[in-house]
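This report refers to the structure that appears directly beneath it.
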Amino acid sequence: MESIHWPSEVRLAKDRRQLLVTFEDGRQFALAAEYLRVSSPSAEVRGHGPGDRKTVSGKKNVEIIGVEPIGRYAVKLVFDDLHDTGIYTWDYLYELGADVEAKWQAYLAELEDKGLSREPAARKR
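If you're matching positions, the sequence shown starts at 0 in numbering that gives the first Met the number 0 and goes up one per residue.
This is the structure in structure tokens:
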């Protein structure tokens with residue numbers, strides 16, 4: 000599986016809330032950690048079949064604590080909620096960047112439809 004889009008730079012912002020990706024075609028994307036977390040390509044989020052996808056909520060303050068290369072085709076992101084099973088291919092990162100507005104609005108609408116929030120749940124004492 001050959002990537003169509005190749006990054007020339009991938010780096011984590013100092014505040015750990017954005018992944019900055021520049022592609023060889025000149026497109027640059029600053030992808031928010033929350034957006035990446037709720038769009039994880041992992042089975043935990045996507046499920047194992049049609050209709051299994053889960054809506055991830057409560058990730059407004061999530062940070063990326065690790066970016067690990069996977070071969071020459073992807074990165075694995077580690078989030079501070081310890082989610083680390085999604086493999087983000089270069090093509091998927093490009094898709095997330097190119098379609099950010101539509102995908103984000105669809106996510107917000109899905110949260111609203113399900114009565115969920117971006118805010119983290121209050122911790123029990």
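Just so it is clear, CB atoms sit at the ideal spot from N, CA and C, and this is done for glycine as well.
Fair warning: this is a prediction, and the values are worked out from it, not measured in the lab.
- Annotated three-state conformation of residue 75 is strand, per DSSP.
- Taking a 10 Å sphere around the C-beta of residue 17, we find 16 or more other C-beta atoms and assign the residue as buried.
- One Cα belongs to residue 69, the other to residue 45, and the distance between them is close to 20 Å.
- In the three-state reduction of the DSSP assignment, residue 37 falls in the helix class.
- Put simply, of 80, 101, 89 and 59 the residue whose alpha carbon is nearest the alpha carbon of residue 116 is 59.
- Burial is judged here by how many other beta carbons sit within 10 angstroms of a residue's own beta carbon; residue 7 has fewer than 16 and is exposed.
- Listed as beta-bridge partners of residue 85 by DSSP are no residues whatsoever.
- Residue 21 is bridged by DSSP to 8 and 27.
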